[in-house]
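K.L.:
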Amino acid sequence: MPKTAYYIPVGPIHPALKEPIRVEAEIEGEKVVKVDVKRGFAHRGIEYMGMKRNAIQTLYLSERICGICSISHPYAFVVAAEKALGIEAPPRAQYIRPIIAELERIHSHLLWLGVIAHEMGFDSLLFWIWKGREKVLDILELLTGNRINYSVFMIGGVRRDLKESHIKALKDMITYYWEFTEKMKEIMLSDPVYKARTRGVAQLSKELALKLNVVGPTARAAGLRMDIRQDMPYDAYADIDVRAVVPQDIVGEARGDAYDITMVRIYEIEQSLDIIEYCVDNLPEGKILAIPNYVALLAKIRRTKGEAIGAHEAPRGEVVHYLKFDGRDGPSVWKVIAPSYNNINSWAPLLLGAEVADIPIVVAYIDPCMCCNDRVALLKTPEGKVLGYEYIHKKAVEKTKRIEREVKK
Amino acid sequence: MGKLTNFKRSLWVFHASGGSCNGCDIEIIAALTPRYDAERFGIKLVGSPRHADVLLVTGAIPRDFADKLKRIYEQMPDPKAVIVVGNCGTSGGLFYDSYNLVGPIDEIIPVDVYVPGCPPRPEAIIDAVVKAWLKLEKLEKELEGKKE
């Protein structure tokens with residue numbers, strides 16, 4: 225190593241990171257010349273636990289995969305479960321679900337806009353945005369009873385109905401946020417300081433975005449028109465013409481940098497407001513659960529044999545759940561794909577050649593969520609021997625057989 | 002809560018997130034932002050455990066993370082207090098039968114204040130910090146007694 229190169233380990237616990245992950249960078253002067261990302265510190269084995277519980281318990285376990293996307297994972301789960309069971313949620317429930325999912329998108333995007341301001345060193349903006357974020361949390365609390373982890377979805381519907389007073393509160397909130405996003409555009413998008421700090425930072429080209437398989441706002445900021453709500457519509461999204469928000473529709477060209485992703489996220493908040501307004505205005509009457517009796521629901525699951533894939537556009541990208549029902553009252557196979565797993569791939573190419581001061585912006589750019597994506601990361605024996613692919617594959621086969629036996633019991 | 006006679010400084014908090022789902026973590030940040038505004042009491046998040054009076058731990062602790070948590074705890078100067086935020090840290094909660102979690106946090110490091118809830122509200126977190134403050138007051142008194 226030449227004298228000018230420094231080795232900078234970041235994490236797993238670091239003030240810049242809210243969650244455990246390790247980034248090892250080699251620095252020459254101000255330039256990053258080598259990066260390595262290590263993950264797996266937040267692995268909890270949720271899929272394994274879900275395969276031992278019944279489907280309703282697993283639904284609320286899926287909510288705890290991530291506290292910020294605590295509607296996205298249950299949404300993908302119920303879409304998959306309903307496909308496998310061959311049932312459909314009543315129309316009223318199909319309209320209530322997108323309302324809550326879009327409220328969550330608003331709170332998640334506001335959270336990110338605050339975090340990026342903090343990473344730039346603009347703390348007063350962080351506090352101002354988070355003050356505005358409390359409004360949507362109040363509405364979520366009114367509608368569902370909790371600020372985070374709402375537990376409001378159920379296989380075949382929702383557990384809570386919308387009341388007249390809720391609709392009035394939602395309308396108030398929509399007016400509030402239209403003003404708020406206008407102010408946010410002025411403070412973030414028209415501000416020369418913000419522009420200077422984010423233009424050209426963390427720039428992801430369209431080709432690289434396709435190659436790295438990034439999803440969600442990260443891909444849309446690079447100019448890719450992809451959105452699950454547009455490509456594979458479900459529930460009320462099929463009635464609404466949702467179009468992916470891309471920078472070329474707003475300013476004419478997509479550069480895929482931190483400025484563009486800010487723009488995409490602010491415009492997506494406005495899109496969410498439109499969707500909520502449409503759903504509230506066109507809310508059908510009727511019941512909210514296809515099978516109101518949970519015992520009957522579990523009995524139906526026990527009788528069902530089948531598998532399905534459910535997808536939902538979470539604030540960070542697409543969430544995909546695969547479920548297989550096979551004679552148990554819960555899933556016998558459950559597989560989760562979270563958006564941050566794809567998006568974290570963009571760190572290494574973006575960090576290479578970047579300046580040290582840009583590292584926090586690159587890291588925050590994709591809105592990483594470790595708890596969503598951490599898989600088993602045991603690659604060394606206690607003696608320090610690195611395990612090869614064959615060994616891990618053999619262990620995986622053994623484990624699958626063990627689970628099969630346990631499930632059959 | 003009475004008057005603090007021994008522990009006469011602002012409370013600095015270090016936040017360590019284990020296998021948390023982020024729910025508690027964002028509620029901690031929400032407690033610091035204008036609606037709840039814990040900073041008006043001088044409560045502040047700091048970047049290093051060596052500057053902190055209170056350790057705030059969220060989430061259940063994965064096997065890989067337990068030794069790191071112990072190291073953070075050992076780096077903190079005396080007197081120190083530990084707060085566990087959330088159900089999964091206090092008892093395992095929803096993740097009780099996971100293969101990769103090493104039990105409640107109080108089996109790894111000594112814990113002074115528990116905040117149950119999934120996630121607890123910001124008010125509950127501020128209340129826990131105030132409780133830790135009283136504990137620190139007591140510890141500081143004992144330390145000063147030892148000096149004399």
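Here the protein sequences line up with chains A and B, keeping their order.
Residue numbering for the first sequence is 225 to 633, as defined by our numbering.
Residue numbering for the second sequence is 2 to 149, as defined by our numbering.
Where is the CB? At the ideal position from N, CA and C, for every residue including glycine.
Note that the structure is a prediction, hence the values are computed from the model and not measured.
Tell me, please, whether the CB atom of residue 236 (chain A) is closer than 8 Å to any CB atom in chain B?
P.N.:
By this cut-off, residue 236 (chain A) is an interface position.
K.L.:
For chain A, check one thing: does any of its Cβ atoms lie closer than 8 Å to the Cβ of residue 34 (chain B)?
P.N.:
At least one chain A Cβ lies under 8 Å of residue 34 (chain B).
K.L.:
Rounding to the nearest angstrom, what Cα-Cα distance links residue 313 (chain A) and residue 518 (chain A) in this structure?
P.N.:
Distance between the alpha carbons of residue 313 (chain A) and residue 518 (chain A): 14 Å.
K.L.:
From residue 34 (chain B) to residue 356 (chain A), what does the alpha carbon distance come to, in whole angstroms?
P.N.:
So the two alpha carbons sit approximately 10 Å from each other.
K.L.:
Taking 8 Å as the cut-off, decide whether the C-beta atoms of residue 444 (chain A) and residue 469 (chain A) are in contact.
P.N.:
Cβ distance < 8 Å, so residue 444 (chain A) and residue 469 (chain A) count as in contact.
K.L.:
Counting contacts by CB-CB distance shorter than 8 Å, is residue 95 (chain B) in contact with chain A?
P.N.:
So, interface residue.
K.L.:
Should residue 427 (chain A) and residue 447 (chain A) be called a contact, given that it needs their Cβ atoms to be closer than 8 Å?
P.N.:
No, these two residues do not count as a Cβ contact at 8 Å.
K.L.:
Residue 59 (chain B) and residue 94 (chain B): beta carbons closer than 8 Å?
P.N.:
Taking 8 Å as the Cβ cut-off, residue 59 (chain B) and residue 94 (chain B) do not qualify as a contacting pair.
K.L.:
Kindly indicate which residue of A:406, A:266, A:318 and A:272 has the alpha-carbon position closest to the one of residue 65 (chain B).
P.N.:
Minimum Cα distance to residue 65 (chain B) is reached at A:266.
K.L.:
Between which two residues does the alpha helix (DSSP H) harbouring residue 301 (chain A) extend?
P.N.:
Here the alpha helix (DSSP H) through residue 301 (chain A) covers 296 to 309.
K.L.:
What separation, rounded to the nearest whole angstrom, lies between the Cα atoms of residue 396 (chain A) and residue 362 (chain A)?
P.N.:
The alpha-carbon atoms of residue 396 (chain A) and residue 362 (chain A) are separated by roughly 12 Å.
K.L.:
Compare the C-beta of residue 273 (chain A) against all C-beta atoms of chain B and say whether one is closer than 8 Å.
P.N.:
Yes - at least one Cβ of chain B is within 8 Å of the one on residue 273 (chain A).
K.L.:
Report the three-state DSSP secondary structure of residue 451 (chain A) (helix, strand or coil).
P.N.:
Three-state DSSP puts residue 451 (chain A) in coil, outside helix and strand.
K.L.:
Between the alpha carbons of residue 239 (chain A) and residue 245 (chain A), how many angstroms are there, rounded?
P.N.:
Roughly 12 Å between the two C-alpha positions.
K.L.:
Classify residue 588 (chain A) as helix, strand or coil using the three-state DSSP reduction.
P.N.:
Three-state result, residue 588 (chain A): helix.
K.L.:
What residue does the beta strand (DSSP E) around residue 24 (chain B) start on, and which one ends it?
P.N.:
First-last for residue 24 (chain B): 24 to 33, but that is the alpha helix (DSSP H), not the beta strand (DSSP E).
K.L.:
Which residues in chain A have a C-beta closer than 8 Å to the C-beta of residue 122 (chain B)? List them in chain order.
P.N.:
Here the neighbours are 371.
K.L.:
Please look up how many angstroms separate the CB atoms of residue 89 (chain B) and residue 61 (chain B), rounded, as I've assumed it's under 8 Å.
P.N.:
Indeed, because the Cβ distance is near 4 Å, the residues count as touching under 8 Å.
K.L.:
Could you work out which residue in A:299, A:408 and A:392 is closest to residue 349 (chain A) when comparing CA atoms only?
P.N.:
That would be A:408, whose Cα lies nearest to the Cα of residue 349 (chain A).
K.L.:
In or out: residue 291 (chain A) buried (at least 16 other Cβ within 10 Å) or exposed?
P.N.:
Counting Cβ neighbours within 10 Å, residue 291 (chain A) comes out buried, since at least 16 surround it.
K.L.:
Under 8 Å between C-beta atoms, does residue 73 (chain B) make it to chain A?
P.N.:
Yes, residue 73 (chain B) lies at the interface with chain A (some Cβ there is under 8 Å from its Cβ).
K.L.:
For residue 481 (chain A), count neighbouring C-beta atoms within 10 Å of its own C-beta (all shown protein chains included) and say buried if the count is 16 or more, exposed if not.
P.N.:
By the neighbour-count rule (16 or more Cβ atoms within 10 Å), residue 481 (chain A) is buried.
K.L.:
Considering only C-alpha positions, which residue in the set A:500, A:368 and A:454 is nearest to residue 542 (chain A)?
P.N.:
The residue with the shortest Cα to Cα distance from residue 542 (chain A) is A:454.
K.L.:
Contact defined as beta carbons within less than 8 Å: I believe residue 279 (chain A) pairs with residue 535 (chain A). What is the distance between those atoms, to the nearest angstrom?
P.N.:
Incorrect: roughly 18 Å between the Cβ atoms, too far for contact.
K.L.:
Can you list, in chain order, the residues of its chain whose CB lies under 7 Å from that of residue 201 (chain A), leaving out five sequence neighbours each side?
P.N.:
This structure leaves residue 201 (chain A) out entirely; chain A is present only between 225 and 633.
K.L.:
Is DSSP giving residue 6 (chain B) helix, strand or coil here?
P.N.:
Coil, per DSSP.
K.L.:
Using the Cα positions of residue 258 (chain A) and residue 342 (chain A), report the straight-line distance between them to the nearest angstrom.
P.N.:
Those two C-alpha atoms are separated by around 26 Å.
K.L.:
Quick one: grab the DSSP three-state call for residue 77 (chain B).
P.N.:
Looking at residue 77 (chain B) - three-state DSSP - the assignment turns out to be coil, as it is neither helix nor strand.
K.L.:
Short of 6 Å in beta carbon distance, which residues of its chain neighbour residue 526 (chain A), apart from the five on each side in sequence? Order them along the chain.
P.N.:
Here the set comprises 553.
K.L.:
Buried or exposed: where does residue 235 (chain A) fall if 16 or more other Cβ atoms within 10 Å of its Cβ makes it buried?
P.N.:
Buried, by the Cβ-count rule.
K.L.:
Report yes if the C-beta distance between residue 486 (chain A) and residue 309 (chain A) is below 8 Å; otherwise report no.
P.N.:
Result no, Cβ atoms of residue 486 (chain A) and residue 309 (chain A) do not sit closer than 8 Å.
K.L.:
For residue 265 (chain A), which three-state DSSP category applies?
P.N.:
Residue 265 (chain A) falls in the coil class under three-state DSSP.
K.L.:
In angstroms with no decimal places, state the Cα-to-Cα distance between residue 422 (chain A) and residue 613 (chain A).
P.N.:
Going by the C-alpha atoms only, they are around 40 Å apart.
K.L.:
What three-state label does DSSP hand residue 236 (chain A) in the structure shown?
P.N.:
Coil.
K.L.:
How is residue 425 (chain A) classed by DSSP in three states: helix, strand or coil?
P.N.:
Reduced to three states, the DSSP call for residue 425 (chain A) is coil.
K.L.:
Under 8 Å between C-beta atoms, does residue 264 (chain A) make it to chain B?
P.N.:
Taking Cβ atoms only, chain B reaches closer than 8 Å to residue 264 (chain A), which makes this a yes.
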